[in-house]
Amino acid sequence: MTEPLLHIDDITVHYSRLAAIRGVSISVNEGEIVCVVGPNGAGKSTTLLTVSGILNPTSGNVMFAGNRINGMRPENVARLGISQVPEGRHVFTALTVEENLRVGAAMRKDKAQVNKDVKWVMDLFPILAERRRQSAGKLSGGEQQMLVIARALLTNPKIMTIDEPSLGLAPNIVDRVYEVLTTLRKERGLTLLIVEQSSERALKAADRIYVLRSGQIQLEGSAADLQDGEEVRKAYFGFSEGTEHLGEVEF
Amino acid sequence: MRDLLNNKNFRWALAAVIVVVGIIVAVTDPVRFQILITSLSEGSFYALAALGIGLLFGVLRLVNFAYGDWVMLGGYALIVPSAAVTSTLLIGSFFPALVVICIVGFTIIIALLSEATVFRPLRNTTPPTMMIASFALGYVLQNLIIMIYGGRPKSAGIFPELLQSIDLAEGVSVPLLKIVTIGVTAILLILLTLFLHRTSVGVQMRAAAEDFRMARMLGVRANLVIAMAFVISGSLASFVSLLYVSQLGIMTFRMGTPIIVFAFIATVIGGMGSLVGSVVGGMVVGVSSVVLKNILPDSIRGFSDAFVFAIVIAILLARPQGLVPAKSASERV
Numbered sequence: 001m002t003e004p005l006l007h008i009d010d011i012t013v014h015y016s017r018l019a020a021i022r023g024v025s026i027s028v029n030e031g032e033i034v035c036v037v038g039p040n041g042a043g044k045s046t047t048l049l050t051v052s053g054i055l056n057p058t059s060g061n062v063m064f065a066g067n068r069i070n071g072m073r074p075e076n077v078a079r080l081g082i083s084q085v086p087e088g089r090h091v092f093t094a095l096t097v098e099e100n101l102r103v104g105a106a107m108r109k110d111k112a113q114v115n116k117d118v119k120w121v122m123d124l125f126p127i128l129a130e131r132r133r134q135s136a137g138k139l140s141g142g143e144q145q146m147l148v149i150a151r152a153l154l155t156n157p158k159i160m161t162i163d164e165p166s167l168g169l170a171p172n173i174v175d176r177v178y179e180v181l182t183t184l185r186k187e188r189g190l191t192l193l194i195v196e197q198s199s200e201r202a203l204k205a206a207d208r209i210y211v212l213r214s215g216q217i218q219l220e221g222s223a224a225d226l227q228d229g230e231e232v233r234k235a236y237f238g239f240s241e242g243t244e245h246l247g248e249v250e251f
Numbered sequence: 252m253r254d255l256l257n258n259k260n261f262r263w264a265l266a267a268v269i270v271v272v273g274i275i276v277a278v279t280d281p282v283r284f285q286i287l288i289t290s291l292s293e294g295s296f297y298a299l300a301a302l303g304i305g306l307l308f309g310v311l312r313l314v315n316f317a318y319g320d321w322v323m324l325g326g327y328a329l330i331v332p333s334a335a336v337t338s339t340l341l342i343g344s345f346f347p348a349l350v351v352i353c354i355v356g357f358t359i360i361i362a363l364l365s366e367a368t369v370f371r372p373l374r375n376t377t378p379p380t381m382m383i384a385s386f387a388l389g390y391v392l393q394n395l396i397i398m399i400y401g402g403r404p405k406s407a408g409i410f411p412e413l414l415q416s417i418d419l420a421e422g423v424s425v426p427l428l429k430i431v432t433i434g435v436t437a438i439l440l441i442l443l444t445l446f447l448h449r450t451s452v453g454v455q456m457r458a459a460a461e462d463f464r465m466a467r468m469l470g471v472r473a474n475l476v477i478a479m480a481f482v483i484s485g486s487l488a489s490f491v492s493l494l495y496v497s498q499l500g501i502m503t504f505r506m507g508t509p510i511i512v513f514a515f516i517a518t519v520i521g522g523m524g525s526l527v528g529s530v531v532g533g534m535v536v537g538v539s540s541v542v543l544k545n546i547l548p549d550s551i552r553g554f555s556d557a558f559v560f561a562i563v564i565a566i567l568l569a570r571p572q573g574l575v576p577a578k579s580a581s582e583r584v
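Chains as they are written, first to last, in this note's numbering: chain U, 1 to 251; chain S, 252 to 584.
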């Protein structure tokens with residue numbers, strides 16, 4: 001097997017003295033869709049923010065295409081081709097839709113290709129073309145989710161990490177988001193690392209799944225192997241430990 | 252009343268009514284017209300100063316009290332460094348356009364040095380820490396000037412032709428400098444707006460001002476955006492400096508303090524971090540200060556600043572977030 005594109009190698013991340021994740025290892029191969037599922041507070045966002053260089057691991061490494069990237073500035077991580085769509089979307093509400101997209105492409109030098117790509121994402125999400133001159137703050141939640149995915153695509157990423165793309169969206173919008181994501185993989189060979197609370201959705205879209213709970217990986221496997229969901233549920237809720245409840249925040 | 256004030260359309264309508272009534276009242280009488288020009292000029296001056304503060308706050312959450320001392324340094328750069336009683340013009344003796352270029356360049360260098368030595372190492376600390384550091388920087392700069400130039404006021408007569416009066420209309424005569432101040436501010440505002448909306452770095456800067464972390468995750472270079480904010484803030488300070496020295500012809504090491512106090516108040520009543528707010532706030536402070544000086548009865552005219560501050564308090568009571576609040580005030584990274 002070849003080297004994974006992204007290899008999160010045994011990382012532990014602390015918020016002051018509290019360990020949010022302990023010894024988490026995740027690898028993503030080129031062209032794969034990998035889903036990390038887990039309850040609220042499991043450390044999913046922490047993991048992604050560490051990949052993006054926002055947080056620094058206290059131990060362990062994040063390797064991208066064979067190079068260590070932990071300790072790098074977030075903008076330099078982004079420039080390597082790792083684009084993150086963080087939780088809560090983070091559109092720039094003071095900017096127009098088009099300006100949001102332009103910020104995504106700001107670091108690129110291939111201006112002709114950027115213009116083509118802007119057209120391409122607007123074809124992908126026609127609503128963005130319709131609203132290009134409008135303030136991004138006026139978009140609905142679903143439209144904002146499309147905008148931030150389009151914006152991340154314009155960085156021309158090798159891998160895109162997405163934190164809870166379905167959060168707060170109507171089911172039909174979530175379907176649309178996942179449809180686009182799987183198309184992107186098929187047509188552009190985009191590698192995706194998606195974090196979700198709902199394991200059902202993740203099982204459908206992903207090639208491989210990791211279950212993260214209480215800051216540790218509880219289970220990993222191919223989506224096909226875990227299809228019936230029983231094992232995932234067990235790992236997700238961890239009901240062998242009687243004190244825990246569904247989705248409880250546990251650090 | 253507060254509900255009404257929170258309605259954006261109502262606020263713009265109210266502002267428009269005030270401006271239109273003000274202009275109608277002013278143009279019907281030569282003396283009042285003169286007051287209008289003077290107050291617009293004063294407002295422009297504070298708007299410029301407030302923009303320099305508002306911009307840095309927007310991008311960095313830095314309340315930069317050393318800004319007034321950048322203005323002061325820009326002024327002292329006009330004369331030969333010496334403690335002699337009579338000062339000799341240095342940069343100030345150059346060809347006018349060259350004076351402007353040199354002072355702008357000099358102040359930008361001071362701003363960038365301030366960033367590199369003080370604010371960059373403190374970037375990941377809290378806003379109050381950076382604010383205290385800016386006070387400290389301001390004192391260091393003031394004492395540096397005392398060491399080199401001495402503590403006595405220094406004269407620097409630059410652009411004397413600006414102090415000549417020109418006739419705008421029958422019986423309306425104002426110093427050319429007032430018109431120049433309004434014009435310079437208008438041009439700088441247009442340039443700044445074009446930069447922020449039409450250039451890639453400008454758009455990145457607006458994005459970073461709203462959500463710095465997200466901007467960095469899209470590859471926006473923090474150092475570039477922040478350095479650019481210091482460059483712009485520094486060049487605004489240099490224009491404040493040139494306008495101030497042209498007007499008064501005299502400098503002291505403390506000259507930055509009243510400027511920063513009024514400019515800071517302007518950014519607060521305008522809405523911290525909002526550039527439109529800074530301009531509006533500067534205008535409110537400048538216009539009300541000039542108008543009050545002219546309409547108050549002689550016996551209390553000396554206390555006109557107290558009335559300006561009363562207006563400030565009234566505005567803050569009605570709108571604690573400022574007249575034109577910024578869109579976002581998310582945490583820095």
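From the three backbone atoms N, C-alpha and C, an ideal C-beta is built for every residue, glycine too.
**Request:** Go through the segment 359 to 400 of chain S residue by residue and report every complete run of the beta strand (DSSP E) that reaches 3 residues or more, in order.
**Result:** You should have found no qualifying run.
**Message:** Given a cut-off of 7 Å on the beta-carbon distance, is the pair G189(U) and G31(U) in contact?
**Reply:** Yes. Within cutoff.
**Message:** If the cut-off is 8 Å on Cβ atoms, which residues from the segment 461 to 490 of chain S count as contacting chain U, listed in chain order?
**Reply:** Of all residues in the segment 461 to 490 of chain S, only E461, D462, R464, M465, A466, R467, M468, L469, G470, V471, R472, A473 come within less than 8 Å of chain U when Cβ atoms are compared, listed by chain position.
**Message:** Measuring CB atoms only, is the segment 519 to 536 of chain S touching the segment 349 to 369 of chain S, in the sense that at least three cross pairs come out at less than 8 Å?
**Reply:** With a cut-off of 8 Å, the segment 349 to 369 of chain S and the segment 519 to 536 of chain S do not count as touching, because too few Cβ pairs lie within range.
**Prompt:** Just reading off the beta strand (DSSP E) that Q216(U) is part of, what are its end residues?
**Reply:** Membership of Q216(U) in the beta strand (DSSP E) is indicated by the continuous run 216 to 222.
**Request:** Identify every residue that forms a DSSP beta bridge with Q113(U).
**Result:** According to DSSP, which records beta bridges pairwise, Q113(U) is partnered with nothing at all.
**Request:** Note down, in chain order, each residue of its chain lying with its Cβ closer than 6 Å to the Cβ of Q218(U), except the 5 sequence neighbours on either side.
**Result:** Excluding residues within five positions, the ones whose Cβ falls inside 6 Å are V211, A235.
**Prompt:** So, does the CB of R133(U) fall closer than 7 Å to a CB anywhere in chain S?
**Reply:** Answer no: the Cβ-Cβ gap between R133(U) and chain S never drops below 7 Å.
**Message:** Between which two residues does the alpha helix (DSSP H) holding Q285(S) run?
**Reply:** 281 to 311 is the span of the alpha helix (DSSP H), which, as asked, contains Q285(S).
**Asked** Which value, in whole angstroms, describes the spacing of the CA atoms of I269(S) and I566(S)?
**Response** Taking the straight line joining both Cα atoms gives about 15 Å.
**Asked** Does any residue of chain U bring its CB to less than 7 Å from the CB of S529(S)?
**Response** Not closer than 7 Å to any Cβ of chain U, the Cβ of S529(S) fails to qualify, so no.
**Request:** State the DSSP-derived secondary structure class of E32(U), mapped to helix, strand or coil.
**Result:** Correct three-state label for E32(U): coil.
**Prompt:** Do I409(S) and S497(S) come within 7 Å of each other at the CB atom, strictly closer than that value?
**Reply:** Between S497(S) and I409(S), the C-beta spacing is below 7 Å.
**Cβ-Cβ separation, S540(S) to S555(S) (assumed contact under 8 Å), whole Å** = A Cβ-Cβ separation of about 7 Å places S555(S) in contact with S540(S) under the 8 Å criterion.
**Reduced DSSP category for F251(U) - H, G, I as helix; E, B as strand; rest coil** = Here the model assigns F251(U) a pLDDT of 43, short of 50, so the residue's position is not dependable, and the following value carries that caveat. Coil, per DSSP.
**Request:** Could you tell me which residues DSSP puts in a beta bridge with N56(U)?
**Result:** None; N56(U) has no bridge partner.
**DSSP-derived helix/strand/coil call for T243(U)** = Any reading at T243(U) is ruled out, since the residue's pLDDT is 44, under 50, leaving its predicted position unreliable.
**Asked** Could you give the distance in angstroms between the alpha-carbon of A65(U) and the alpha-carbon of L153(U)?
**Response** If you take the alpha carbons of A65(U) and L153(U), they lie about 19 Å apart.
**Request:** Can you check DSSP and say which residues form a bridge with Q84(U)?
**Result:** BP columns for Q84(U) point to T161(U).
**Item:** Option nearest L364(S) by Cα separation, candidates V536(S), A317(S), F560(S)
**Value:** Ranking V536(S), A317(S), F560(S) by CA distance to the CA of L364(S) puts A317(S) first.
**Request:** Please check if any C-beta of chain S sits within less than 7 Å of the C-beta of R79(U).
**Result:** Judged by the 7 Å Cβ criterion, R79(U) is in contact with chain S.
**Sheet register partners of R68(U) (DSSP bridge)** = DSSP lists M63(U) as partners of R68(U).
**Prompt:** Whose C-alpha, out of I69(U), L6(U), R133(U), is nearest the C-alpha of V97(U)?
**Reply:** Comparing Cα positions, the closest option is R133(U).
**Message:** So if I threshold CB-CB distances at 7 Å, which residues from the segment 436 to 461 of chain S count as touching chain U?
**Reply:** Within the segment 436 to 461 of chain S, contact with chain U at the beta-carbon level (separation under 7 Å) is assigned to S451, V454, Q455, R457, A458, E461.
**Request:** Could you name the residues of chain S that A112(U) contacts, counting a contact when the two beta carbons are closer than 9 Å?
**Result:** None at all; the shortest Cβ gap to chain S is about 15 Å.
**Prompt:** Among the residues of its own chain, which have a CB less than 8 Å from the CB of I11(U), if the five just before and after it don't count?
**Reply:** If we look at I11(U) and ignore the five residues flanking it on each side, its Cβ neighbours are I21, G23, V24, S25, T47, T50, P57, S59, G60, N61, V62, N70.
**Request:** Starting from E196(U), follow the beta strand (DSSP E) in both directions and report where the run begins and ends.
**Result:** From DSSP, the beta strand (DSSP E) with E196(U) extends over 191 to 196.
**Request:** Return the bridge partner residues of K405(S) from the DSSP annotation.
**Result:** Paired residues: M502(S).
**Asked** Where does V584(S) sit, in a helix, a strand or coil, going by DSSP?
**Response** Any reading at V584(S) needs caution, since the residue's pLDDT is 33, under 50, leaving its predicted position unreliable; the model's value is listed next. DSSP places V584(S) in the coil class of the three-state scheme, outside both helix and strand.
**Request:** Using three-state DSSP, classify A473(S) as helix, strand or coil.
**Result:** If DSSP states are grouped into helix, strand and coil, A473(S) belongs with the helices.
**Message:** Below 8 Å on the Cβ atoms is my contact criterion, and I expect V559(S) with V536(S) to pass it. Report the Cβ-Cβ distance as a whole number of Å.
**Reply:** Contact flag correct, Cβ pair sits at about 7 Å.
**Message:** Taking 7 Å as the limit between beta carbons, can you name the residues of its chain near S83(U), skipping five residues before and five after?
**Reply:** Closer than 7 Å at the Cβ level, and outside the excluded window around S83(U), lie A152, T155, P157, M160.
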